[in-house]
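Q: For reference, the structure I am asking about is given below.
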Amino acid sequence: MAERSYWERIAQDRISRRRVLAGAGAGAAGLVVAAACGGSSNGDKTPSAGTTPGGGSPTAAADTGPTRPSGTPKIGGRYLGVNQGAWGTIDPLVSVGNATGIMPRFYNALVSRSNADPKFVFYDLAQSFEQPDEVTFVFKIRPGVKIAPNSLGIPERDLDAEDPVAYFDRIKADPTAILRKFTEPWLDTYSADGDTFTFKTKGPYAYSLSTLGRALGGCIPPRETFEQKMDLKARAAGAGPFMIKEGTFEESGSVQLD
């Protein structure tokens, strides 16, 4: 049998990806909250590989992939992390330092991809995604992704399709923006229509979702930060599951997220 072409393989991967997306019910924000705050360490334990509940004979462990932590996601709690170097800036437009590792905790990407399995795509700001052809990407924005209380004067509103539009505007206006390596050679048009954000590329580009779904350049702040030319190097206002405690961010490597 003849070997499949590159685009035939991409098409097959796209079908698999859509099936995964169709069955995914929770956004990345919910997943992060569940992981950080959801379960108790005293809850039921999942049987280890090679054993069966009730003392039965060992069986081969099935490859079922990652499972959710037990418990119900809840508001509150504190995230404590350790960083081995300086954070750098937390401006998502230009940050390439260690701070990119924490930005998804207080900002949102449209969608994101698993580091363990690049074919696994999960939702964040977008609640659904379709690619009707090789150059068109359509994202339905999730309702209820609300900006947290902040000291920047940004209203505590739901993010909408105009926010990614404004972020792309900011990228195109700043020659130092990380995603210019994507927008300049590849981006053709982008627009908002109600609760839908759409962009088109100038040609098929296999890394489009990977580019938008990374913390490195893919985190979208509220449009007010661009419209009012706010300095985001050491402060933030986003709709992620955590928010930076006012005055705690230090580029040397310290920050408190509540």
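The number in the numbering used here is simply the position in the sequence shown, starting from 1, with 1 added.
Heads up, the beta-carbon is just placed ideally off N, CA and C, and yes, glycines get one too.
Between which two residues does the alpha helix (DSSP H) containing Asp-170 stretch?
A: Counting from one through the sequence shown, the residue named residue 170 turns up at place 169. Per DSSP, Asp-170 belongs to the alpha helix (DSSP H) from 163-174.
Q: Counting Cβ pairs, one atom from each stretch, are 3 or more of them under 8 Å apart for the segment 147-165 and the segment 234-250?
A: yes
Q: Quick one: what's got a C-beta closer than 7 Å to Leu-217's C-beta in the same chain, skipping five residues either side?
A: Position 216 of the sequence shown, counted from the start, is the residue given in the question as residue 217. The residues are Val-97, Thr-101 and Ile-179.
Q: Using the three-state DSSP reduction, which class does Glu-225 fall into: helix, strand or coil?
A: As a working note, residue 225 is residue 224 in the sequence shown. Glu-225 falls in the helix class under three-state DSSP.
Q: Express the C-alpha separation of Asp-164 and Leu-210 in angstroms, rounding to a whole number.
A: Here residue 210 refers to the residue found at position 209 of the sequence shown. Here residue 164 refers to the residue found at position 163 of the sequence shown. About 18 Å.
Q: Considering just the uninterrupted stretch of the beta strand (DSSP E) at Ser-113, what are its terminal residues?
A: If you number the sequence shown from 1, residue 113 lands on position 112. First-last of the beta strand (DSSP E) with Ser-113: 112-114.
Q: Are the segment 191-202 and the segment 122-138 touching by the rule of at least three beta carbon pairs closer than 8 Å?
A: yes
Q: Name the one or two DSSP bridge partners that Lys-201 has.
A: On the sequence shown, residue 201 is found 200 positions in, with the first residue counted as 1. Answer by DSSP bridge pairing, in chain order: Thr-137 and Thr-190.
Q: Taking the continuous beta strand (DSSP E) assigned at Val-122, which residues delimit it?
A: Indexing the sequence shown from 1 puts residue 122 at position 121. Segment 122-124, the beta strand (DSSP E) holding Val-122.
Q: For my contact list, Phe-227 and Ala-167 are in at a C-beta cut-off of 8 Å; report their separation, rounded to the angstrom.
A: Locating residue 227 in the sequence shown gives position 226, counting from the first residue. Locating residue 167 in the sequence shown gives position 166, counting from the first residue. Yes, Phe-227 and Ala-167 are in contact; Cβ-Cβ is about 5 Å, under 8 Å.
Q: Taking buried to mean at least 16 other C-beta atoms within 10 Å of its own C-beta, is Gln-128 buried or exposed?
A: Position 127 of the sequence shown, counted from the start, is the residue given in the question as residue 128. Counting Cβ neighbours within 10 Å, Gln-128 comes out buried, since at least 16 surround it.
Q: Apply the 10 Å Cβ neighbour rule to Asp-194 and answer buried if 16 or more other Cβ atoms are within range, or exposed otherwise.
A: As a working mapping, residue 194 is identified with position 193 in the sequence shown. Per the 10 Å Cβ criterion, exposed.
Q: At the level of alpha carbons, what is the spacing between Ala-174 and Lys-230?
A: Position 173 of the sequence shown, counted from the start, is the residue given in the question as residue 174. Position 229 of the sequence shown, counted from the start, is the residue given in the question as residue 230. Their Cα atoms are separated by approximately 12 Å.
Q: Among the candidates Gly-78, Gly-77, Ser-71 and Asn-109, whose CA atom is the shortest distance from the CA of Arg-224?
A: The residue given as residue 224 occupies position 223 in the sequence shown. Closest option to Arg-224, Cα to Cα, is Asn-109.
Q: CA-CA distance, Arg-114 and Met-104?
A: Stepping through the sequence shown from its first residue, residue 114 is reached at position 113. Stepping through the sequence shown from its first residue, residue 104 is reached at position 103. Roughly 15 Å separates the two Cα atoms.
Q: Return the CA-CA distance between Gly-77 and Tyr-206, expressed in angstroms with no decimal places.
A: For the purposes of this step, residue 77 is taken as the residue at position 76 of the sequence shown. For the purposes of this step, residue 206 is taken as the residue at position 205 of the sequence shown. If I take the Cα positions, the gap works out to 40 Å.
Q: Can you look up Phe-130 in the DSSP assignment and give me helix, strand or coil?
A: The count along the sequence shown starts at 1 and reaches residue 130 at position 129. Of the three classes helix, strand and coil, the one that applies to Phe-130 here is strand, per DSSP.
Q: Is the beta carbon of Arg-79 less than 8 Å from the beta carbon of Leu-153?
A: Working through the sequence shown from its first residue, we reach residue 79 at position 78. Working through the sequence shown from its first residue, we reach residue 153 at position 152. No, these two residues do not count as a Cβ contact at 8 Å.
Q: Does DSSP classify Ser-42 as helix, strand or coil?
A: In the sequence shown, residue 42 corresponds to position 41, counting from 1. Bear in mind that a pLDDT of 40 at Ser-42, under 50, signals an unreliable position, so the number given afterwards is only what the model happens to contain. In the structure shown, Ser-42 sits in coil (DSSP, three-state: anything other than H, G, I, E or B).
Q: What does the Cβ neighbour count give for Asp-125, buried or exposed, with the cut at 16 atoms within 10 Å?
A: Counted from its first residue, the sequence shown places residue 125 at position 124. Its Cβ being crowded by 16 or more others within 10 Å, Asp-125 is buried.
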